[in-house]
Every structure is written in structure tokens, then in C-alpha cells.
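S.K.: Take 6 as the starting number for the sequence shown in the working numbering and just add one per residue. Here a beta-carbon is modelled for each residue, glycine too, at the ideal position from N, C-alpha and C.
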Amino acid sequence: MIRIIASCWALFLGMALIMLGNGLSNSLLGLHASYQGFSISATGWVMSGYYVGMIIGAKLVPVMVQRVGHIRAFGALASLASTAILVHYIFVEPWVWWALRFITGIAYAGLYVVAESWLNDTAENETRGQLLGFYMLITFGCIAGGQFMLNIASPEGFQLFILISILISVAVIPILISINRAPPFETNESVSIIQLIKVSPLGVLGTFASGTGAGAIMGMGAVYAFSIGLNTKEISIFMGSLIIGGGLMQYPIGRLSDNFGRRQVIIATCFIGAVSSLGASLFDASGLLIFLQIAIIGGLSLPLYPLCTTHTNDYLTPSQRVAAGGTLVMAYGSGAAIGAPFAAFYMAWLGPQGFFLALGISFALVSIFAVIRSKQREATAIEDLGEFKPLAPVPVNVSINPILEIEEIEVASSATKADIQTSFEELVKELNSESTKKSTKND
6 MIRIIASCWA
16 LFLGMALIML
26 GNGLSNSLLG
36 LHASYQGFSI
46 SATGWVMSGY
56 YVGMIIGAKL
66 VPVMVQRVGH
76 IRAFGALASL
86 ASTAILVHYI
96 FVEPWVWWAL
106 RFITGIAYAG
116 LYVVAESWLN
126 DTAENETRGQ
136 LLGFYMLITF
146 GCIAGGQFML
156 NIASPEGFQL
166 FILISILISV
176 AVIPILISIN
186 RAPPFETNES
196 VSIIQLIKVS
206 PLGVLGTFAS
216 GTGAGAIMGM
226 GAVYAFSIGL
236 NTKEISIFMG
246 SLIIGGGLMQ
256 YPIGRLSDNF
266 GRRQVIIATC
276 FIGAVSSLGA
286 SLFDASGLLI
296 FLQIAIIGGL
306 SLPLYPLCTT
316 HTNDYLTPSQ
326 RVAAGGTLVM
336 AYGSGAAIGA
346 PFAAFYMAWL
356 GPQGFFLALG
366 ISFALVSIFA
376 VIRSKQREAT
386 AIEDLGEFKP
396 LAPVPVNVSI
406 NPILEIEEIE
416 VASSATKADI
426 QTSFEELVKE
436 LNSESTKKST
446 KND
């Protein structure tokens, strides 16, 4: 294990620095916006720009990489992200910040795509699981670690903006000097969102809702903590607890879904999440209780993305999973883009506790819809379920999905859009036929 990780030390170090900067920037900008007098609604819209940029970036960057290559693309995007964070401190206007967050989203999407494609090319089937597992650990650990870097300097000052810029700039060095050859870069055709909804409406809605929750948490979590009077140290613990809770709960929730079925675990997870969030919106917690409270809610919210992705994959063949992966990423990103404005709306209307109400509504909608779907289609048999795999809370690159084998991705890359469309049309007919038989049997 150590030898395998050591072979990719430069990539892991570079991505760790990027994740630290990303984790710090989300909370820093929310706090700095509050210090500068941005309204709650304006802050919500500003924070949404990042996810809009990620959606666009996930589409544009592969084309850019194919034209100019991995090394130039990575250097250009890192420079863009490093510059954008500094400009935030110079021009303190909501519309400027939205544009900068949009640019940053494109840049980060590109950095993830380029770095993850390198990692995927380095791995072999025997080592891929260990490498991706360590990558997930770095993702959660460094995004959480970035929260605690808020304590290095005051969020009102310029020092933390410079620190983020340094982290991103330094991240380029080990990657560019240690990797000698750029891997081949292939893009895969994706299926339309409408077609995927026909196959797994719960999977798509759940993925969208998980994005909404993540967008609300990452965009407005620090703003909520600031608005209830927590100091900088307490805000960093609040945000860190949320993300650590999400990381720790992925495996337990995943294992439960392997043993009891995805749909049942989605219903239970979202029901408990809704009750916990609505309870938090009604009763003010203090001291250690507030950190435990947010850790539980984060632990129920962040694992929802891999849970719903795995639920969708249970209905698909390997090639279809590759095609569906890009579409699910878009569904997640779309949900994340409205997450912060959604939470900001309730916070502006009801006060700080509206933050938890927004999360509770997202949980409740998924839980109710999952119950409805359980009446319309039989769940996949336990013995036919694929194995649950944790996923990072910043999904961009389909090839980094540990559910997929390298050979499956290579085969899928040769599929045409027409082949994929035909494949999904046949699957929809098969699933509809099974639902009709169930309905007739119940009658």
C-alpha cells in the first residue's frame, strides 16, 4: 500500500494542497461576505456561481485538454484559480464575486479532471481501489482541514486570500516536475437526463437533492455559524465537524445499503435527516451539542450522493454506468448550484434557523419520493446489488468512480451516442414491462 501511494506522491501532494485551498475558500468567502455587509440572499447567489462554473467546466475542460494537453491545461487553470481568489479582496461587489466564483468553478473542475485522469492512468486494476480510497481520504481530510485554517488569520483581512493563492500555486510544482508523460485523454458519451430519469427517477432526484444539500452546506454553513454568534475558532470546528461526519458515515451507510437495499436505506437516511434538520431549525443548540448536531446532519447528507449513484448503477450495465456517470455529475452540480440560494432564501425569510429548514425540506422530498417509488417498482434483489463505493463530495471526472473498472471505461469510450441511446431505450422498455407485470399481479 505504501509503495503504491509513494509512486503517486506528487499527484497526491498537489491535490491535497488544492483541496485545502478549496475547503478554506468556501468558508472564508461566506464569512468575508458577512463582514462586508452582503445580504444573506446576495451571499447565497454569490456562492452558487462556483457550482455553475463546475458544470460548465466539466463540459469545456475535456475539449481544452485535447487541444493543448494536460500540462498546459493544468498550469493555466491553476493560475486562473490562484488569481481569482486574490481579486475577491480587491473588488468587493456581489456581481463581481459571482463572476469570480464562476471562473473559479471552471478552474477547479479542470484541475480535478486533469489530475484525476492522471491518477486513473497510473492505476492498474490490482491497485486502483487502494489509490482511489486514498484519494477519497485526501479529499475529505483536506476539505475538512481547510476549515481549521480559518484560525491562521482574521477572515476580515487579506492574509487568508493570499494563503489560498499560495496553496494553489504551490500545488502545481510537484505535479508538473514529477510527471513526465501525459496520459491519453478520452471523453465518453453521456445519456440525456430525461432518459436517465426514465430508468431511475429516484437516483436522479436523490443525486440532485444531495447536490442541493452540499451546495447549501458548503456555501452557507459558515454564514449560518457566523449569524448565530460563533467565533472564528467555533466556525472552523462547526464546518470541520460537518465534513468529517460526512466522511465517516459513508462506509456505514453504504454497508447498510448493501445488506438491506438502497431504497430502504435512502428512505431511512433521508427521514432521519429531515427529522434532525427540522428539529435543529426549531430548537437552538449550544456548546458541544451544536457540533454534534451538524456532524450528524453532515453524516446523513454527504453520503446521499454515492448512495443514489449506486442505486442508479444497480439497474445499469457497465457501459451504461459510464454514460450515466456524466449525467449524474450534471444533476449533482445543478442541485449544488441552487443549494446556497435555496438556503439563503429561508435564512433571509426566517432567520439563521432557515438554514436547517432548507436541508430538512431536501431530505423530506427525497424520502417521500422514495416511498412512492417503492409502491411503483420492486427494488433490486439484495443478491443482485453492486458493491457500494464512497465518492468524493466534489464529483467531476467519471473515470475516477471506483464503481467502474478500467476495462469498462475503455470499452464505453468506444460507444457512440446512438448505441447508448438504443441501449437505454431497451432498458426503459424492460423496466416498464416489469412494472406492468407487478401492477397486474397486485390487481
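Which one of L124, L34 and G211 has the shortest CA to CA distance from G338?
M.R.: In the sequence shown, residue 338 corresponds to position 333, counting from 1. The residue with the shortest Cα to Cα distance from G338 is G211.
S.K.: I need the straight-line Cα distance from G208 to L33, nearest angstrom please.
M.R.: Locating residue 208 in the sequence shown gives position 203, where the first residue counts as 1. Locating residue 33 in the sequence shown gives position 28, where the first residue counts as 1. Taking the straight line from one Cα to the other gives about 33 Å.
S.K.: So what's A158 in DSSP terms, helix, strand or just coil?
M.R.: The residue you call residue 158 lines up with position 153 of the sequence shown. Coil.
S.K.: Between the segment 15-29 and the segment 163-180, can you find at least three pairs of beta-carbon atoms closer than 8 Å?
M.R.: Contact between the segment 163-180 and the segment 15-29 is present, because at least three Cβ pairs lie under 8 Å.
S.K.: Taking only the alpha-carbon atoms, compute the straight-line gap between R106 and G35 and give it to the nearest angstrom.
M.R.: The residue given as residue 106 occupies position 101 in the sequence shown. The residue given as residue 35 occupies position 30 in the sequence shown. Their Cα atoms are separated by approximately 12 Å.
S.K.: Quick one: what's got a C-beta closer than 6 Å to F153's C-beta in the same chain, skipping five residues either side?
M.R.: Locating residue 153 in the sequence shown gives position 148, where the first residue counts as 1. Closer than 6 Å at the Cβ level, and outside the excluded window around F153, lie S241 and G245.
S.K.: Quick check: the Cα distance between A120 and A176, rounded to an integer number of angstroms?
M.R.: As a first step, residue 120 is located in the sequence shown; it is residue number 115 there, counting from the start. As a first step, residue 176 is located in the sequence shown; it is residue number 171 there, counting from the start. Computed Cα separation, rounded: 11 Å.
S.K.: By how many angstroms is the C-alpha of S281 removed from the C-alpha of S404?
M.R.: For this step, residue 404 is matched to residue 399 along the sequence shown. For this step, residue 281 is matched to residue 276 along the sequence shown. Confidence at S404 is low in this model, with a pLDDT of 45, below 50, so its placement is unreliable and the value that follows should be read with caution. Roughly 35 Å between the two C-alpha positions.
S.K.: Using 7 Å as the threshold, is the C-beta distance between A474 and C147 below it?
M.R.: Past the edges of the chain, shown from 6 to 448, lies residue 474, and the structure says nothing about it.
S.K.: Quick check on the burial criterion: 16 or more other C-beta atoms within 10 angstroms. Buried or exposed for P160?
M.R.: Along the sequence shown, one-based indexing puts residue 160 at 155. It is buried - the Cβ of P160 has at least 16 other Cβ atoms within 10 Å.
S.K.: Considering Cα atoms alone, identify which of G250, A114, S215 and I90 is closest to L168.
M.R.: Here residue 168 refers to the residue found at position 163 of the sequence shown. Cα-wise, what sits closest to L168 is I90.
S.K.: Have a look at Q164 and S291 and give me their C-alpha separation to the nearest angstrom.
M.R.: The residue given as residue 164 occupies position 159 in the sequence shown. The residue given as residue 291 occupies position 286 in the sequence shown. Each residue's alpha carbon lies about 30 Å from the other.
S.K.: Inspect the CB distances between the segment 56-71 and the segment 109-120 and report whether three or more fall short of 8 Å.
M.R.: In short, these stretches touch, since the Cβ pair count reaches three.
S.K.: Unbroken alpha helix (DSSP H) runs of length 4 or more, entirely within the segment 343-381: which are they?
M.R.: Listed in chain order, the complete alpha helix (DSSP H) runs (minimum 4 residues) inside the segment 343-381 are 359-381.
S.K.: Are L305 and G278 touching if we call contact CB-CB under 7 Å?
M.R.: What you label residue 305 is simply residue 300 of the sequence shown in a count that begins at 1. What you label residue 278 is simply residue 273 of the sequence shown in a count that begins at 1. Yes. Within cutoff.
S.K.: Output the distance between the C-alpha atoms of A11 and A227, rounded to the nearest integer angstrom.
M.R.: Numbered from its first residue, the sequence shown carries residue 11 at position 6. Numbered from its first residue, the sequence shown carries residue 227 at position 222. C-alpha separation (whole angstroms): 35 Å.
S.K.: Answer yes or no: does any C-beta atom of chain B fall closer than 7 Å to that of L235?
M.R.: Chain labels in this structure do not include chain B; a single protein chain is all it has.
S.K.: Taking all protein chains shown into account, do 16 or more other C-beta atoms lie within 10 angstroms of the C-beta of I366, making it buried, or fewer, making it exposed?
M.R.: One-based indexing of the sequence shown puts residue 366 at position 361. Its Cβ being crowded by 16 or more others within 10 Å, I366 is buried.
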